[in-house]
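Same order as they appear, the protein sequences are chains F and L. Quick note on full-length UniProt numbering: the first sequence kicks off at 1 and runs consecutively. Quick note on full-length UniProt numbering: the second sequence kicks off at 1 and runs consecutively.
Protein chains: 2
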Amino acid sequence: MRTALTELLGIENPLVGFNRSPGVVAAVTNAGGIGVLAATGYTPEELDAQLTWIEEQVDGRPYGVDVLVPARTATGDPADYLASLRAQIPQEHYDFVDSLLAKYDIPLADTASAGDRFAASVGPEIVQPLLDVAFSHRVALVANALGTPPPAMLERGKADGVPIVALVGSPKHAQRQLDMGVDLLVAQGTEAGGHTGTIATMVLVPEVVDLAGDVPVLAAGGIATGRQMAASLALGAAGVWCGSVWLSSHEDITSPAVKAKFLAATSGDTLRSPTRTGKPARQLRSAWHEEWANPGSPSPLPMPLQPMLVDEAWRRINQAAEAGNDGAKALASFFIGQVVGTFRELRPAADITREIIEDCNKALTRLANLT
Amino acid sequence: MRTALTELLGIENPLVGFNRSPGVVAAVTNAGGIGVLAATGYTPEELDAQLTWIEEQVDGRPYGVDVLVPARTATGDPADYLASLRAQIPQEHYDFVDSLLAKYDIPLADTASAGDRFAASVGPEIVQPLLDVAFSHRVALVANALGTPPPAMLERGKADGVPIVALVGSPKHAQRQLDMGVDLLVAQGTEAGGHTGTIATMVLVPEVVDLAGDVPVLAAGGIATGRQMAASLALGAAGVWCGSVWLSSHEDITSPAVKAKFLAATSGDTLRSPTRTGKPARQLRSAWHEEWANPGSPSPLPMPLQPMLVDEAWRRINQAAEAGNDGAKALASFFIGQVVGTFRELRPAADITREIIEDCNKALTRLANLT
Chain F
1 MRTALTELLG IENPLVGFNR SPGVVAAVTN AGGIGVLAAT GYTPEELDAQ
51 LTWIEEQVDG RPYGVDVLVP ARTATGDPAD YLASLRAQIP QEHYDFVDSL
101 LAKYDIPLAD TASAGDRFAA SVGPEIVQPL LDVAFSHRVA LVANALGTPP
151 PAMLERGKAD GVPIVALVGS PKHAQRQLDM GVDLLVAQGT EAGGHTGTIA
201 TMVLVPEVVD LAGDVPVLAA GGIATGRQMA ASLALGAAGV WCGSVWLSSH
251 EDITSPAVKA KFLAATSGDT LRSPTRTGKP ARQLRSAWHE EWANPGSPSP
301 LPMPLQPMLV DEAWRRINQA AEAGNDGAKA LASFFIGQVV GTFRELRPAA
351 DITREIIEDC NKALTRLANL T
Chain L
1 MRTALTELLG IENPLVGFNR SPGVVAAVTN AGGIGVLAAT GYTPEELDAQ
51 LTWIEEQVDG RPYGVDVLVP ARTATGDPAD YLASLRAQIP QEHYDFVDSL
101 LAKYDIPLAD TASAGDRFAA SVGPEIVQPL LDVAFSHRVA LVANALGTPP
151 PAMLERGKAD GVPIVALVGS PKHAQRQLDM GVDLLVAQGT EAGGHTGTIA
201 TMVLVPEVVD LAGDVPVLAA GGIATGRQMA ASLALGAAGV WCGSVWLSSH
251 EDITSPAVKA KFLAATSGDT LRSPTRTGKP ARQLRSAWHE EWANPGSPSP
301 LPMPLQPMLV DEAWRRINQA AEAGNDGAKA LASFFIGQVV GTFRELRPAA
351 DITREIIEDC NKALTRLANL T
């Protein structure tokens, strides 16, 4: 298949596999797409090790990396930054999370120190080292999942000939990214897992394509099969950016207890909720969301306060769910799009990649015979 | 273009134009698609006149009709039925609507008697006469926008060789309709105008196609251009069911004040709200929705109580908006999907129809050249 994306990146098929597991990234790249590592939460040393491992697997084939980079970073002493964030989390919120874990028979979290760990992992002092690691590797693209990339990131991409990719959920955000000079846009519809807006892929993609001119646009949200990939190409996308589908792969590192819930879920079992990251993010509906929606429950805090508050709680919930704790299984959830309803079994990521590409080709052949 | 829909209905292109204006219905049919009249709110005599007028325009070409038919109808004295509904609307709600109109300088509505009129228009005593009128005409399909059709409707369709069509927003509802024996399914995604579920078209359509077997499935929601039509065919749909796009046509009878707001709106300016019909329906976001969301505002009532409550208020809002009342313009709204963001000007419905079909063919040609 030839599109603006395959030309730009030198890949066989315009299929991006976005996942936090290096095993998925390598498998997608080796099966004819391009894997992109979601590198949030790594130290620079960890990221370096992961990218080195991926390169050992892919034999020179292209892969990419996604780093969570705020457009403006705080300056000054990291300890002051942490203390100022911590001071913004009300005691009521700590108490609510503690009582929620207790209600579901889950060992209490040491929430405060875990919050520090989370804040540090996305804090200002780690961004430049992470970007340095990413650009020191042979990456075919660098994506930024958080707003507009800082100018330094765009300049580095231009200097190194590495396309900078931005995810957008509205035409307004797309225009802002185009004005900044990004090289590739991912137009992500509301049906996607993780942070999303309200506009559906079917509507958003052609709007962004029309704005973007010569800048290639990938479709994201609701794409887990070849038919959906063909539909995205019909909308004018130069390719697809798939995230959720890899959570049905063996290589994905999501907790087995959560993956079991995914296999049982229908397409109606997700919701957009700010209770995990402080921004609306699509995830599997669970008892967690019912608890936050109860009258008397506190309102979720903005990012990064909400993930500081709940990060360690989620670690405990996942551990307890894997150990068979029924309360934890009821709470268990993760970011996932509406395509979760199509998950039937866990499969190798390479098989998923090949099936999407084959089915896309079949759909294109079927369409050619309609006229 | 040849699909299961064009074969079933004997039409040139698999494009359904769904609208409450007979002028739109005739224009779509004459331009190579098939128009379907949304017949809600008509008396049997009015419906008969509208269908007769359409037939005079279309020179034997096929068209359809959509009637709002509840699966179970109340029996007994219509006056008792009305009185029992009226008794379920709290005085607090009447007072809220009155105060809302007063706040925006709109003449007060005689809400109670208008509610009776609305209830009567969808009440049990009118359903059978409406269906009799529909089947007495040369209709190519009869659709039911409200849940599963009653068995008598399906039997009449079978006897007359008229396909019965049902709209669904989830795989579960699709299965229920298939079990009832409907002839055509419309899988309508959350981005659609009017009553919708939460699942996006990109995800819902392939799910329903896989359930439906030999029953053709049309895609609805987010489809206003040829690219979106081609994408729907890629998803496995046998055609598309377009509703919102006709609200950008000259022939559509929506208030000019509302159509002016549509032309200025973006794809992010809609919301799903139960404040108009009692069920979640996508519509243009306006001051109306802010007022209902205010703390202290009453909760919307279930269908048909909410439309009984607000039907006359909406008539007054539209009249006042057309007369230039600024408060009414702020409140003005109507059912519309996320495609409203693509409206640039009002055009003849025939031009819209032809452009969708031409652009769909162009998209199919473009796709054929990708491989």
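Cβ coordinates follow ideal geometry from the N, Cα and C atoms, glycine included.
One thing to note: L/Leu218 has its Cβ within 8 Å of the Cβ of L/Ala237. Taking the beta carbon of L/Ile199 as reference, the chain F residues within 7 Å of it are Ser267, Gly268, Gln338, listed in sequence order. Scanning chain F for C-beta atoms nearer than 8 Å to the C-beta of L/Glu207 yields Ser267, Gly341, Thr342, reported in chain order. Secondary structure at L/Val65: strand, using DSSP grouped into helix, strand and coil. Taking CB atoms only, L/Gly189 has a neighbour in chain F less than 8 Å away. DSSP, read as helix, strand or coil, puts F/Gln88 in coil. A straight line joining the alpha-carbon of L/Gly181 with that of L/Asp210 spans about 16 Å. A Cβ-Cβ distance of about 7 Å is found for the pair F/Arg347 and F/His250, placing them in contact under the 8 Å criterion.
Proximity of L/Gln228 to chain F, defined by a Cβ-Cβ separation below 8 Å, is satisfied. At a C-beta separation below 7 Å, L/Gly236 has these neighbours in chain F: Arg227. Within chain F, no C-beta atom comes nearer than 8 Å to that of L/Ser299; the closest sits roughly 14 Å away. Counting along the chain, L/Trp241 sits inside no alpha helix (DSSP H); it lies in the beta strand (DSSP E) bounded by residues 239 to 242. Within the stretch 316 to 344 of chain F, the runs of alpha helix (DSSP H) that reach at least 4 residues and sit entirely inside it are, in chain order, 326 to 331.
Look at the beta carbons and you see the stretch 25 to 43 of chain L touching the stretch 343 to 361 of chain L: at least three pairs across the two are nearer than 8 Å. Think of a sphere of 8 Å around the beta carbon of L/Pro256: no beta carbon from chain F falls inside it, the nearest being about 25 Å out. Counting along the chain, no beta strand (DSSP E) covers L/Ala26; the unbroken alpha helix (DSSP H) around it starts and ends at 22 to 30. Put simply, the backbone Cα of F/Val97 is about 8 Å away from that of F/Leu309.
In this structure, L/Ala231 sits away from L/Cys242, with a CB-CB distance that is not shorter than 8 Å. At a C-beta separation below 7 Å, L/Ser170 has these neighbours in chain F: Gly268. Residue range 281 to 284 is occupied by the beta strand (DSSP E) that includes L/Ala281. At least 8 Å separates the CB of F/Met180 from every CB of chain L. Taking a Cβ-Cβ threshold of 7 Å, the residues of chain L close to F/Arg2 are Leu370, in chain order. F/Phe118 has its alpha-carbon roughly 23 Å from the corresponding atom of F/Met153.
Around the beta-carbon of L/Gln88, fewer than 16 other beta-carbon atoms lie within 10 Å, marking it exposed. Taking C-alpha positions only, L/Ala220 is separated from L/Gly189 by approximately 6 Å. Relative to L/Ala140, the option among L/Glu290, L/His93, L/Asp66 whose CA is nearest is L/Asp66.
In the same chain as L/Val133, and ignoring 5 residues on each side of it, the C-beta atoms closer than 8 Å to its own belong to Pro44, Leu47, Asp48, Leu51, in chain order. A contact is defined here as three or more CB-CB pairs under 8 Å, and the stretch 319 to 328 of chain F fails this definition with respect to the stretch 193 to 209 of chain F.
The stretch 210 to 261 of chain L contains, as complete beta strand (DSSP E) runs of 3+ residues, the segments 217 to 220, 239 to 242 (chain order).
If the five residues before and after L/Ala321 are omitted, its C-beta is found closer than 6 Å to the C-beta atoms of Ala257, Ala328, Lys329, Ala332, all from its own chain and listed in chain order.
Residue contact check for F/Val245 against chain L: no CB pair falls below 8 Å. DSSP places F/Asn13 outside both helix and strand once states are collapsed to three, so it counts as coil. Looking at the backbone, the Cα of L/Met202 and that of F/Pro171 are separated by about 19 Å. Among the residues of chain F, none has a CB under 7 Å from the CB of L/Ala166; the nearest is roughly 18 Å distant.
Leaving aside the five residues that flank L/Pro280 on each side, the residues in its chain whose CB is nearer than 6 Å to its CB run, in chain order, Arg272, Pro274. Counting along the chain, no alpha helix (DSSP H) covers L/Asn294, and no H or E run does either.
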